[in-house]
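Trainee: Below is one structure. I have some questions about it.
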Amino acid sequence: MATLTAVPAAMVHNQFFEEFTDKVRVKPIPWEGYSRAGLISSTELSALKSFQQQRHESNGVSLAQFVPLLVSLTEKLSSLDALQYLLVMLDDLVEAGDSKSLAGLRERLDAAGGDRVLFRCMEKKDDYLGLKAAKILVGVAVATGAKVDFTRLFATLERYMRSELTSVVDVAIQAMQSALRVPKARHTLFNEAPGCLAQMLDVLRRTLVQPQGSRAVRGVVAVPQTQYEVVFCLWLLSFERQLAAVLDKTYDIIPVLVDIARSTGKEKVIRVVVSTLSNLLLVPDANVPSMLVGGVPACLRTLAVGRSFKDEDLKAALAQLTEDLAGHSGVMTTWDEYCAEVASGKLHWSPAHRSEQFWKMHVARMDEADHRIVRQLAQVLGRDDETALAVACHDLAQYVKFNPDGKRLLARIGAKAQVMALMTSEFPEVRYEALMCVQQIMLNAWRN
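Numbering (numbering that gives the first Met the number 0), first residue to last: 0 to 447.
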C-alpha cells in the first residue's frame with residue numbers, strides 16, 4: 000500500500016469533471032465588457048491579459064504574482080462563467096505545485112476570513128464551481144498546511160455526496176481523500192462532521208447492493224472505483240489510534256470491508272481493505288472481537304487460497320494480517336470466543352449458545368467483573384438487529400436457568416423489562432426467545 004507521502008495533494012480524476020474544465024478554459028469571457036461596466040478596473044484588465052499571455056507562452060516562469068489578482072477578481076465578480084474560469088486558473092497554479100503560488104494562496108487563506116471567497120463559491124448553485132473551490136482549498140491545505148475550516152468544508156462535501164449525479168459524488172469523495180491526508184481533518188470529520196462520514200459510508204454500502212436489472216447505483220460512478228475511494232478514506236482515518244479504536248464500534252465497518260474483499264475482483268480494492276484492517280488490528284482490544292465475529296479470518300483464508308494475485312506486496316500483506324490476527328485469536332478458548340462475540344454486540348447462533356454443557360461450565364463466569372457479560376447482553380436488547388436480539392434473549396434465559404439468583408440482577412439493571420417488551424416484537428424469533436426468557440424468570444421465581 001502506498002505511503003501517505005505518496006498521496007497527491009489534490010487527487011481528483013473524473014472524466015466529466017475534466018471535460019467540463021477543458022470547456023471552461025476555452026469559453027470566451029467578456030473581460031473588456033466587465034471593464035467598461037466598471038466591474039473590474041483597467042489595471043486589473045491589463046494584468047489579466049498579461050497573465051493570460053504569460054500562461055499561454057508556458058515558458059516556465061512563475062505566475063505567483065498573479066495570485067492576488069485572481070483571488071481579488073473571484074471575490075468581486077458574480078458571473079458564473081467568470082468565476083469558473085478564475086477557479087480553473089487558480090487550480091492550475093495549485094496543481095503545478097509552484098511553491099510561490101502556493102505560498103501566496105496560503106497567505107490569503109491564513110488571513111482572517113481569507114477562505115470566504117472559496118466558501119462563497121461553494122454556496123452557489125453550481126456543482127462544478129463548488130467542487131472546484133473545494134479542490135483548491137484542499138490542495139492548498141495539504142501542500143502548505145494552510146488553516147482551513149474543515150467542519151464547514153465537510154458540511155459542503157456531505158451536501159455534494161447526497162447528489163443524484165454520480166460525477167458530483169465521485170469528485171466530493173476524492174476531495175475527501177485528499178483532505179484526510181491532514182491529521183486534524185481526520186479528527187474533525189469523526190468528531191465534528193459525523194453526518195459527512197455517515198453519508199460517505201452510505202455511498203459505500205450502496206456499492207454492495209446492485210439494483211435488480213440495473214447497471215447503475217445512485218451516487219456510484221463505478222463500483223470498484225467508488226469502493227476504493229471510500230475505503231481509502233477509512234484507511235487514512237485508521238492511522239489515528241484514537242479513531243481506529245471506535246470506527247467499527249460507531250459505524251460497523253468491519254463486516255462491510257469483509258463483504259467488499261469477498262466480492263471485488265480488483266486487487267487495488269483488496270489491497271486498501273487489507274491495509275485498513277491491518278491498521279485496525281493495531282488496536283486489538285477494540286477490534287479483534289469484531290474481526291472474529293465479522294468473518295475476517297475466513298475471508299483471509301478464502302483470499303489466500305482462492306485468488307491468484309499478481310501483486311507480491313498484497314500477498315505479503317495478506318500473510319502478515321493473517322498471522323497477526325491468528326496471534327491474537329489463536330489462544331482463545333470457547334469462553335473467550337463467546338466473550339468476544341458478546342463484546343462486539345453482533346450476536347449470531349454460534350454453537351456455544353445452543354450448548355447446555357457450555358452454560359453449565361461457564362454460567363458462573365458471567366458474574367465476573369461486576370456481571371460484565373450480562374450487562375453487555377442487556378445492551379444488545381436495545382439494538383434493532385433481529386438475530387442479535389433473539390440470541391441475547393436466549394442467553395439471558397440460559398443465565399437465569401443455571402443461576403436462579405440471576406433474575407434479581409436482570410430486574411435491577413432493567414433487562415427484565417426490556418425482555419418483556421420484546422414479547423411484542425415485530426420479529427417472530429425475537430418474540431419466541433423473549434417469551435422463553437420471561438418464562439424462565441417466572442419459573443425460577445415460582446421455585447424460589
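Each residue gets a CB set at the ideal place from its N, CA and C atoms; glycine is no exception. Since the model is a prediction, treat every value here as computed from it, not as a measurement.
With a cut-off of 8 angstroms, do at least 3 Cβ pairs link the region 277–284 to the region 318–336?
Mentor: yes
Trainee: Please check the pair Asp126 and Leu164, which I expect to be a contact at CB under 8 angstroms, by giving their CB distance rounded to whole angstroms.
Mentor: Contact between Asp126 and Leu164 holds: CB atoms are separated by about 7 angstroms, below the 8 angstroms threshold.
Trainee: Just to confirm my understanding: we take Gln375, look at its own chain, exclude 5 residues before and 5 after, and list those with CB closer than 7 angstroms. What are they?
Mentor: Val341 and Ala342
Trainee: Quick one: grab the DSSP three-state call for Thr386.
Mentor: helix
Trainee: Can you list, in chain order, the residues of its chain whose CB lies under 8 angstroms from that of Leu104, leaving out five sequence neighbours each side?
Mentor: Here the set comprises Val66, Val70, Leu89, Leu92, Val93, Ile135, Val139, Thr143 and Ala145.
Trainee: Buried or exposed for Gly129, going by 16 or more other Cβ atoms inside 10 Å?
Mentor: buried
Trainee: Leaving out five residues on either side along the sequence, give the residues of the same chain with a beta carbon under 7 angstroms from the beta carbon of Leu317.
Mentor: Val273, Leu299, Leu302 and Ala303
Trainee: Please report the distance separating the alpha-carbon of Gln356 from that of Met422.
Mentor: 27 angstroms
Trainee: Whose C-beta lies closer than 8 angstroms to the C-beta of Ser349 among residues of the same chain, with five residues either side of it excluded?
Mentor: Glu336, Tyr337 and Glu340
Trainee: Cα-Cα, which of Phe189, Val230, Cys195 and Pro193 is closest to Thr206?
Mentor: Val230
Trainee: Mapping the DSSP letters down to three states, classify Leu203 as helix, strand or coil.
Mentor: helix
Trainee: For Glu228, is the classification buried or exposed, using 16 other Cβ atoms within 10 angstroms of its Cβ as the cut-off for buried?
Mentor: Classification of Glu228: buried, given that the 10 Å Cβ count is 16 or more.
Trainee: CB-CB under 6 angstroms to Gly113, same chain, minus the five flanking residues each way: which ones, in chain order?
Mentor: Within the same chain, Gly113 has close Cβ partners Arg107.
Trainee: Please report the straight-line C-alpha distance between Leu62 and Arg54, rounded to a whole angstrom.
Mentor: Distance between the alpha carbons of Leu62 and Arg54: 8 angstroms.
Trainee: Out of curiosity, what's the CA-to-CA distance linking Pro29 and Asp80?
Mentor: 10 angstroms
Trainee: Sorted by chain position, which residues of the same chain lie with C-beta nearer than 8 angstroms to Ser41's C-beta, five sequence neighbours on each side aside?
Mentor: Ser34
Trainee: State yes or no: is the C-beta of Ala46 within less than 8 angstroms of the C-beta of Leu68?
Mentor: yes
Trainee: To test your reading of the DSSP string, which unbroken alpha helix (DSSP H) runs of 4 or more residues are found completely within the region 244–326?
Mentor: 246–250, 252–262, 266–280, 283–292 and 295–305
Trainee: State the DSSP-derived secondary structure class of His55, mapped to helix, strand or coil.
Mentor: helix
Trainee: Please report the distance separating the alpha-carbon of Leu233 from that of Arg364.
Mentor: 37 angstroms
Trainee: Excluding sequence positions up to five away, which residues of its chain have a Cβ less than 7 angstroms from the Cβ of Ile412?
Mentor: The answer, listed in chain order, is Arg374 and Ala377.
Trainee: Just to confirm the assignment, what range does the alpha helix (DSSP H) spanning Trp348 have?
Mentor: No alpha helix (DSSP H) holds Trp348; DSSP gives it neither H nor E.
Trainee: Let's see if you can read the secondary structure: which residues bound the alpha helix (DSSP H) around Gln504?
Mentor: What the structure shows of the chain is the stretch from 0 to 447, and residue 504 is not part of that stretch, so it cannot be assessed.
Trainee: Which term fits Lys415, buried or exposed, when burial requires 16 or more other beta carbons within 10 angstroms of its beta carbon?
Mentor: buried
Trainee: Indicate the three-state DSSP secondary structure (helix, strand or coil) for Phe110 in the structure shown.
Mentor: Looking at the sequence itself, residue 110 is Ala, so the reference to Phe does not match. In this structure, Ala110 counts as coil in the three-state DSSP scheme.
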